[in-house]
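K.L.:
A single structure is presented below for examination.
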Amino acid sequence: EADEEVAEQGKFSIRGVTFLVIYCWLWCAVAVNCAVSFSLRQPWWRHFADAAMGGLWLAVVTVVLLVHSTVTSVPPAQPYRFVLFAFRFILTVATGVQTCVLVQSLPSPPTSPMSCSG
Numbered sequence: 430e431a432d433e434e435v436a437e438q439g440k441f442s443i444r445g446v447t448f449l450v451i452y453c454w455l456w457c458a459v460a461v462n463c464a465v466s467f468s469l470r471q472p473w474w475r476h477f478a479d480a481a482m483g484g485l486w487l488a489v490v491t492v493v494l495l496v497h498s499t500v501t502s503v504p505p506a507q508p509y510r511f512v513l514f515a516f517r518f519i520l521t522v523a524t525g526v527q528t529c530v531l532v533q534s535l536p537s538p539p540t541s542p543m544s545c546s547g
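Per my numbering, residue 430 is the first one in the sequence shown, and the count goes up by one each step.
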């Protein structure tokens, strides 16, 4: 019975895995946004600010992923639950923002010479 409890504690829920995927997407989006920033014609201070903010987000997400790699379940006591839900909310919002920035930086597709408009 004790072995079953240990095995259950070492598993992620579907919700937990979903948030891990969101965190990985955030990490990738921030990394791409940092790289794209250096390809744009902007003042040096803007490149520095983008790199600093990107580095900060990458560090935060990396720490969260490292913690999740060792801690698969959070104790039901406070403040652990609050921290879990706060980070889920903050990082999900950050993922939405970084995804919007990423989509805005994508080039628009070329218009086809065979298109009907024109």
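Backbone N, C-alpha and C define an ideal beta-carbon position, used for all residues, glycine too.
Give the single residue among GLN533, GLN471 and ARG517 whose Cα lies nearest to the Cα of PRO447.
P.N.:
Along the sequence shown, read from residue 1 onward, the residue named residue 447 stands at position 18. Note on identity: in this sequence residue 447 is Thr, with Pro being the wrong assignment. Cα-wise, what sits closest to THR447 is ARG517.
K.L.:
Going by beta-carbon coordinates alone, are SER534 and VAL465 separated by less than 8 Å?
P.N.:
One-based indexing of the sequence shown puts residue 534 at position 105. One-based indexing of the sequence shown puts residue 465 at position 36. Cβ atoms of SER534 and VAL465: closer than 8 Å.
K.L.:
Can you grab the Cα-Cα spacing for the pair THR524 / ILE451, in whole Å?
P.N.:
One-based indexing of the sequence shown puts residue 524 at position 95. One-based indexing of the sequence shown puts residue 451 at position 22. When rounded, the distance between both Cα atoms is 7 Å.
K.L.:
Take GLN527 and list the residues in its own chain whose beta-carbon comes closer than 8 Å to its own, dropping the five residues that flank it on each side.
P.N.:
Counting from 1 along the sequence shown, the entry for residue 527 is found at position 98. Cβ within range, chain order: LEU455, ALA458, VAL459, ASN462 and TRP486.
K.L.:
Between the C-alpha atoms of LYS440 and GLN471, what's the straight-line distance to the nearest angstrom?
P.N.:
Within the sequence shown, numbered from 1, the residue matching residue 440 stands at position 11. Within the sequence shown, numbered from 1, the residue matching residue 471 stands at position 42. Using only the alpha carbons, I get a separation of about 46 Å.
K.L.:
Less than 8 Å between the C-beta atoms of LEU520 and VAL503, yes or no?
P.N.:
On the sequence shown, position 91 is the one that residue 520 refers to. On the sequence shown, position 74 is the one that residue 503 refers to. Going by C-beta atoms, LEU520 is not nearer than 8 Å to VAL503.
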